[in-house]
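Asks: My questions all concern the structure below.
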Amino acid sequence: DASLVEVNSFSPSVPISPSSMTNQYRFEDGPELRDLFITVDDPESHITAIETFITYRVVTKTTRGEFDSSEYEVRRRYQDFLWLKSKLEEAHPTLIIPPLPEKFIIKGMVERFSDEFIETRRKALHKFLNRIADHPTLTFNEDFKIFLTAQAWELSSHKKQGPGLLSRMGQTVRAVASSVRGAVRNRPEMFTEMNNYLETFSQKINLLDKIAHRIYKEEREYFNEMKEYGPIYTLWSASEEDIAESLKGIASCIDRCCRATEQRMAGLSEHLLPILHEYVLYSEILMGVLKRRDQIQGELDSKVDALANKKTEKDLFSEEIGKLEDKVERANNALKADWDRWKQNMQWDMRSTFTNVAENNLRYYEE
Amino acid sequence: MEDCLAKKMEITVSEAEKRTGRNAMNIQETYTAYLIETRAVESQSEGQCAPVESLWRRYSEFELLRNYLSVTYPHIVVPPLPEKRADFVWHKLSADNMDPDFVERRRIGLENFLLRVASHPVLCQDKIFYAFLMQEGGWKEMVNETGFQLKADSRLKALNATFRVKNPDKRFTELKHYSDELQSVISHLLRVRARVADRLYGVYKVHGNYGRVFSEWSAIEKEMGDGLQSAGHHMDVYAASIDDILEEEEHYADQLKEYLFYAEALRAVCRKHELMQYDLEMAAQDLTSKKQQCEELATGTVRTFSLKGMTSKLFGQETPEQREAKIKILEEQIQEGEEQLKSKNLEGRDFVRSAWADIERFKEQKNHDLKEALISYAVMQISMCKKGIQVWTNAKECFSKM
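Chains A and B are the protein sequences, given in the same order. The UniProt record's numbering puts the first residue of the first sequence at 1, with every later residue one more than the last. The UniProt record's numbering puts the first residue of the second sequence at 1, with every later residue one more than the last.
What follows is the structure in structure tokens.
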């Protein structure tokens with residue numbers, strides 16, 4: 001075990017920025033240290049000639065100096081959230097950006113604008129923004145600030161300022177190309193471990209997600225049958241004299257069990273299912289992050305190779321290489337710090353979620 | 001119940017064995033034989049135990065005994081046998097008659113049947129019943145010699161045949177109505193209970209999957225590993241606990257099933273009474289018409305239409321001698337009829353009296369038994385919840401240590 005690098009330890013060779021060190025504990029300290037509070041609520045549907053879409057109200061309260069005001073209220077639609085996410089990914093390719101709820105739900109037969117769907121999405125968007133706010137680096141991102149504060153027209157014009165679609169596509173093409181070429185070479189062991197961990201984690205979390213859904217479904221079927229069960233006892237009591245009271249008693253107990261079952265199901269769908277789903281998405285995101293890190297490393301490696309082949313023009317190259325090395329190092333550090341943070345959060349989330357499930361079940365049985 | 005057999009004798013159906021033999025059509029078949037053990041209960045002095053007598057019987061012999069009792073004591077609500085084939089099963093139980101769980105439950109049911117008969121004040125004194133318990137060989141012949149099959153009214157076999165009774169006894173009609181309701185409500189209950197059991201089984205068993213995944217997941221986690229692993233163990237315990245819980249519930253289902261079948265026995269008594277009443281009314285009707293015929297012949301007036309009367313009008317009257325002879329026959333018949341009617345009436349009154357005595361006894365027994373069954377069902381549910389609380393408290397502790 002001594003050969004394994006402890007993911008949570010601080011190895012002295014990797015410089016860690018002081019802010020990420022303090023921020024590692026920040027989350028556990030709770031809301032007292034927070035200076036940015038965001039809520040997402042009040043979904044409203046808008047119908048135009050071309051399309052129908054939903055906007056959500058985003059309310060921000062802050063004490064930070066760099067914000068002009070202490071309170072903001074804006075309306076945003078899903079597209080805007082997508083934009084924010086992609087800007088964050090661009091700016092911080094090796095940081096772990098929180099997941100957004102999916103565009104469509106393939107599995108469920110949920111209509112795009114059903115109340116259930118909208119509510120689930122709203123909660124997920126709320127989580128998304130809050131996770132960004134809690135992130136030591138992302139929280140100071142400029143685009144994030146604009147997202148929270150700009151009026152609708154301001155946001156549109158700001159969006160158009162970004163790098164054009166073509167240049168973004170070029171980036172992607174280069175990224176894909178370099179990732180195919182030996183990105184696994186020279187990968188520090190720590191990241192290989194992360195990859196291995198992630199593979200297993202992703203598999204398990206997907207399984208847990210499926211299991212939790214299955215349990216919910218079975219409970220629902222159980223509930224449906226129970227609903228029919230109680231009234232039979234009541235019906236029977238009508239034909240009896242001596243035992244009528246006992247029968248009615250049982251009928252009412254069964255009804256109470258039904259209600260308890262309903263609450264248990266609600267607990268599942270409110271707490272466990274969304275978190276598991278979030279982490280399923282997270283595992284995909286993490287894979288992406290690791291890939292991007294590999295890409296950056298790949299760029300460095302290929303330049304180093306090129307240098308080895310072209311002894312001339314060394315100076316030019318070495319400057320570039322220097323820059324790339326810096327880039328790789330920064331990327332690696334960022335990722336590592338973020339990874340640690342993510343794991344802490346995940347642990348905390350899982351702990352509280354499952355404890356919650358256990359408590360729910362306790363309540364159910366006590367009823 | 002002071003003199004009933006159950007107090008004097010310990011009766012158990014202690015074993016079940018698979019046998020093969022040749023049946024009535026000389027075809028090889030497999031069946032199960034049950035061992036009946038009896039032992040006299042006397043004030044036992046130290047160290048002295050009466051010897052155990054035993055013999056083997058198969059289900060068809062139990063059926064024969066019950067048929068005999070139903071026919072011989074039509075006014076008694078005869079205890080029912082456990083079901084012939086497994087019914088109201090939920091998916092885990094098989095519907096196979098040879099399945100060991102089914103055989104075991106049937107063994108218990110047969111023992112229960114014998115105990116019920118032995119504790120019945122009237123039935124326990126029956127000699128055929130006693131012979132069933134004590135005499136292995138020649139019992140079947142003994143039963144057939146009683147000729148009870150002749151007494152069995154084939155009309156009762158047609159379950160839904162209706163007899164239009166002019167003056168139905170209200171009490172019996174109500175009772176029949178009640179037995180129908182009881183049958184329908186209990187069978188509905190058993191069906192839904194089986195479905196509920198099925199679903200509950202599903203919920204518990206899927207939690208078992210948690211156990212496996214947690215354990216695999218704990219392998220890659222450093223800090224969460226222990227918590228996950230032990231929580232997984234508790235999930236396995238939870239999933240496994242449902243098997244015992246549902247088996248206990250089967251017992252409750254069996255208790256309800258007994259009364260489902262009892263309801264049928266109750267209904268049978270009502271039907272027999274109906275039949276009796278019908279026969280009585282038919283006999284009375286027959287007597288009245290014969291008396292009328294006699295009168296007509298004697299006085300020569302035709303008050304009612306009769307084919308004979310018409311034909312005699314068309315083809316000429318009969319001679320006075322012929323008429324005298326007819327009148328004499330009719331008078332004899334009328335006398336017979338009157339006697340029969342008298343005895344039928346007596347029979348009927350006796351039947352009603354003894355039937356109601358037994359019905360009262362049955363009602364008390366039913367209320368007592370069902371109440372106990374409901375209470376034990378509630379106790380079962382409580383214990384299930386207690387187990388659940390224990391498991392989830394442990395799991396919660398494990399989770400909080402993650």
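Don't be surprised by glycine CBs; every beta carbon is placed ideally from N, CA and C. Computed from a predicted model, the values in this text were never measured in an experiment.
Verify whether the separation of the beta carbon atoms of M380(B) and E248(B) is less than 7 Å.
Replies: yes
Asks: When you check each C-beta in the region 221 to 237 of chain A against every C-beta of chain B, which residues fall closer than 7 Å?
Replies: E221, Y222, E225, M226, E228, Y229, I232, L235, W236
Asks: Let me check understanding here. Comparing Cα to Cα, which of A150(A), E154(A), V58(A), I96(A) lies closest to K123(A)?
Replies: K123(A) has its Cα closest to that of V58(A), out of A150(A), E154(A), V58(A), I96(A).
Asks: Round the Cβ separation of R204(A) and V213(B) to the nearest angstrom and send it over; I've been treating them as touching at under 8 Å.
Replies: It is Lys, not Arg, that sits at residue 204(A) in the sequence shown. That pair is a contact at about 5 Å.
Asks: Can you tell which of T94(A), K87(A), L82(A) has the C-alpha that lies nearest to the C-alpha of K103(A)?
Replies: Looking at the Cα atoms, L82(A) is the closest of the given residues.
Asks: Determine, using beta-carbon pairs with one atom in the region 53 to 72 of chain B and one in the region 24 to 33 of chain B, whether at least three such pairs fall under 8 Å.
Replies: yes
Asks: Quick one: does G225(B) have its CB under 7 Å from some CB of chain A?
Replies: no
Asks: Checking the sheet assignment: what are the DSSP bridge partners for F37(A)?
Replies: K61(A)
Asks: Short of 8 Å in beta carbon distance, which residues of its chain neighbour N130(A), apart from the five on each side in sequence? Order them along the chain.
Replies: I38
Asks: Mapping the DSSP letters down to three states, classify K18(B) as helix, strand or coil.
Replies: strand
Asks: Mind checking A144(B): buried by the 16 CB within 10 Å criterion, or exposed?
Replies: Note that residue 144(B) corresponds to Asn in the displayed sequence, not to Ala. That one is exposed.
Asks: For chain A, check one thing: does any of its Cβ atoms lie closer than 7 Å to the Cβ of G202(B)?
Replies: yes
Asks: Assuming K140(B) contacts L81(B) (C-beta within less than 8 Å), just tell me the rounded distance between them.
Replies: In fact, because the Cβ distance is near 17 Å, the residues do not count as touching under 8 Å.
Asks: Alpha carbon to alpha carbon, how far is L36(A) from residue 399(A)? Give it in angstroms, no decimals.
Replies: Absent from the model: residue 399(A). The displayed extent of chain A is 1 to 367, so no value can be given.
Asks: Looking only at C-alpha atoms, which of M235(B), K166(B), I76(B), Q365(B) sits nearest to F399(B)?
Replies: M235(B)
Asks: Return helix, strand or coil for H188(B), following the three-state DSSP convention.
Replies: helix
Asks: Per DSSP, what kind of secondary structure is T393(B) in: helix, strand or coil?
Replies: helix
Asks: Which chain D residues sit within Cβ distance under 7 Å of W217(B)?
Replies: This model lacks chain D altogether, as its protein chains are A and B.
Asks: To be precise: take each residue of the region 370 to 381 of chain B, compare its Cβ to all Cβ atoms of chain A, and keep it if any distance is under 8 Å. Which residues remain?
Replies: L370, K371, L374, I375, Y377, A378, Q381
Asks: Going by CA-CA distance only, name the one from G109(B), V52(B), R105(B) that's closest to F62(B).
Replies: G109(B)
Asks: With contact counted as at least three CB pairs below 8 Å, one residue from each stretch, are the region 180 to 193 of chain B and the region 203 to 217 of chain A in contact?
Replies: no
Asks: Pull up the CB-CB distance for K127(A) and E278(A), whole angstroms please, since I reckon it's below 8 Å.
Replies: 7 Å
Asks: Is M231(B) buried or exposed, if buried means 16 or more other CB atoms sit within 10 Å of its CB?
Replies: Note on identity: in this sequence residue 231(B) is Ala, with Met being the wrong assignment. Buried: at least 16 other Cβ atoms inside 10 Å.
Asks: Does any residue of chain B have a CB that is nearer than 7 Å to the CB of S197(A)?
Replies: According to the sequence provided, residue 197(A) is Tyr. The question's Ser does not apply to it. Yes, its Cβ sits closer than 7 Å to a Cβ of chain B.
Asks: Among T12(B), P79(B), N26(B), whose alpha-carbon lies nearest the alpha-carbon of R361(B)?
Replies: P79(B)
Asks: Measuring only the C-alpha atoms, how far is Q292(B) from I36(B)?
Replies: 60 Å
Asks: Near P31(A), what residues of its chain come up, given a Cβ to Cβ distance below 7 Å and the 5 sequence neighbours on each side ignored?
Replies: Any reading at P31(A) must be qualified, since the residue scores a pLDDT of 46, below 50, and its modelled position is unreliable; no value is offered.
Asks: Give a yes or no on contact between the region 262 to 276 of chain A and the region 187 to 202 of chain A, applying the rule of three or more CB pairs nearer than 8 Å.
Replies: Not touching, per the Cβ criterion.
Asks: Out of I97(A), P93(A), F147(A), T137(A), which has the shortest C-alpha to C-alpha gap to R76(A)?
Replies: F147(A)
Asks: Is DSSP giving F53(A) helix, strand or coil here?
Replies: strand
Asks: Determine the chain A residues that contact residue 414(B) at a beta-carbon separation under 8 Å, and present them in chain order.
Replies: The shown model of chain B, from 1 to 402, leaves out residue 414(B), and the question about it has no answer.
Asks: For S239(A), does the three-state DSSP call read helix, strand or coil?
Replies: Residue state, collapsed to three classes: coil.
Asks: Classify P100(B): buried if its beta carbon has 16 or more other beta carbons within 10 angstroms, exposed otherwise.
Replies: Classification for P100(B): exposed.
Asks: In whole angstroms, what is the alpha-carbon distance linking Q151(A) and L125(A)?
Replies: If I take the Cα positions, the gap works out to 19 Å.
Asks: For A91(A), which residues of its own chain have a beta-carbon under 8 Å away from its beta-carbon, when the five flanking residues on both sides are left out?
Replies: N141, D143
Asks: Distance check for L95(A) and V289(A), CA to CA, integer angstroms please.
Replies: 7 Å
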